[in-house]
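Under the working numbering, think of the first position of the sequence shown as 1, with each following residue one higher.
From the three backbone atoms N, C-alpha and C, an ideal C-beta is built for every residue, glycine too.
Since the model is a prediction, treat every value here as computed from it, not as a measurement.
Below: one structure, written as structure tokens.
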Amino acid sequence: MDVGLASLVTLDDGTRFDHPRLLRRYAEKLARLQRELHKKVRGSRNRGKAKQKIARVHGLLADKRKDMLDKLTTRLVRENQVLVVEDLSVMTLLRAARGRGRRRKARLNQAIADASWGELLRQLRYKCGWYGRTLVIVDRFFPSTRRCSACHAMGPRMDVSVREWTCPACGALLDRDVNAAANLRDEGMRLYWLMAASLPPGRKAPAVIKASEFEECPPAA
Ligand SMILES: [Zn+2]
Numbered sequence: 001m002d003v004g005l006a007s008l009v010t011l012d013d014g015t016r017f018d019h020p021r022l023l024r025r026y027a028e029k030l031a032r033l034q035r036e037l038h039k040k041v042r043g044s045r046n047r048g049k050a051k052q053k054i055a056r057v058h059g060l061l062a063d064k065r066k067d068m069l070d071k072l073t074t075r076l077v078r079e080n081q082v083l084v085v086e087d088l089s090v091m092t093l094l095r096a097a098r099g100r101g102r103r104r105k106a107r108l109n110q111a112i113a114d115a116s117w118g119e120l121l122r123q124l125r126y127k128c129g130w131y132g133r134t135l136v137i138v139d140r141f142f143p144s145t146r147r148c149s150a151c152h153a154m155g156p157r158m159d160v161s162v163r164e165w166t167c168p169a170c171g172a173l174l175d176r177d178v179n180a181a182a183n184l185r186d187e188g189m190r191l192y193w194l195m196a197a198s199l200p201p202g203r204k205a206p207a208v209i210k211a212s213e214f215e216e217c218p219p220a221a
């Protein structure tokens, strides 16, 4: 799966799950409350009240996000034996740095997306354990977006606004997110089979395989 801002999750078969609209509504409410807070006098009772209101909306937002992601991750884990994602912790850092200087609302949407990515990964990790599935976390240096999933040639560097591109090597028309998901699937399955081959016969693959820790995995028996 590819995880991003345009769609929360895109699968290699083209299925998309969008960021919940409800969360966007909360984001707008938060932006409004923040603006109101800035107008209140420092140390005043009204400022305290405004702060409480903001804390309450943040709490509600976190609960709703958890509920919505709960349904999505349960479905994903139930329907698949192996799930592949890229290293989201690093992705969050990269995007946050790039988002500097943008408007408050854009930053807020970004913060909400970041929180969703973190929660998504957290839930996938423990549910893969529960259901006996495997989550493969692909290294952040893997070029999931730029590589053509049809012929594996490298495409150009692309701005986030580019949603579709044509592979210069094989001419395939590629949807940015679906192509990334397909690349992650191929790389993740390669790692999965490498790991599976190194396990003693009859032993199940672990719940989480992290590409960056791959050298530390048990060697061939
Ligand atoms: Zn190609």
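Residue i - DSSP class collapsed to helix/strand/coil
{"i": "Lys64", "result": "helix"}
{"i": "Val178", "result": "helix"}
{"i": "Thr15", "result": "coil"}
{"i": "Asp2", "result": "strand"}
{"i": "Val77", "result": "helix"}
{"i": "Leu22", "result": "helix"}
{"i": "Leu191", "result": "helix"}
{"i": "Leu199", "result": "coil"}
Residues near residue i in its chain [Cβ-Cβ closer than 6 Å; skip 5 each side]
{"i": "Arg163", "result": "Arg176"}
{"i": "Lys204", "result": "none"}
{"i": "Asn179", "result": "Ser149"}
{"i": "Gln52", "result": "none"}
Contact test: residue i Cβ vs ligand 1 heavy atom, cutoff 7 Å
{"i": "Ala169", "result": "yes"}
{"i": "Ala172", "result": "yes"}
{"i": "Ala181", "result": "no"}
{"i": "Ala55", "result": "no"}
{"i": "Cys148", "result": "yes"}
{"i": "Ala223", "result": "In this structure the chain extends from 1 to 221, so residue 223 is not present and cannot be described."}
Same chain, Cβ closer than 8 Å to residue i, five either side skipped, listed in chain order
{"i": "Leu184", "result": "Met1, Asp2, Asp12, Val84, Val85, Glu86, Val138, Phe142 and Ser144"}
{"i": "Pro156", "result": "Arg146, Trp165 and Pro168"}
{"i": "Glu119", "result": "Arg65, Lys66 and Leu69"}
{"i": "Lys127", "result": "Thr73, Thr74, Val77 and Arg133"}
Strand pairing of residue i, partner residues [DSSP]
{"i": "Glu213", "result": "In the DSSP output, where bridge partners are listed per residue, Glu213 has none listed."}
{"i": "Thr145", "result": "DSSP, once it has assigned bridges, lists no residue as partnering Thr145."}
{"i": "Met154", "result": "Arg147"}
{"i": "Thr10", "result": "Asp2 and Arg16"}
{"i": "Ile137", "result": "Val85 and Lys210"}
{"i": "Glu164", "result": "Asp175"}
Cβ neighbours of residue i in the same chain (closer than 7 Å, five flanking residues each side left out)
{"i": "Ala113", "result": "Leu5 and His19"}
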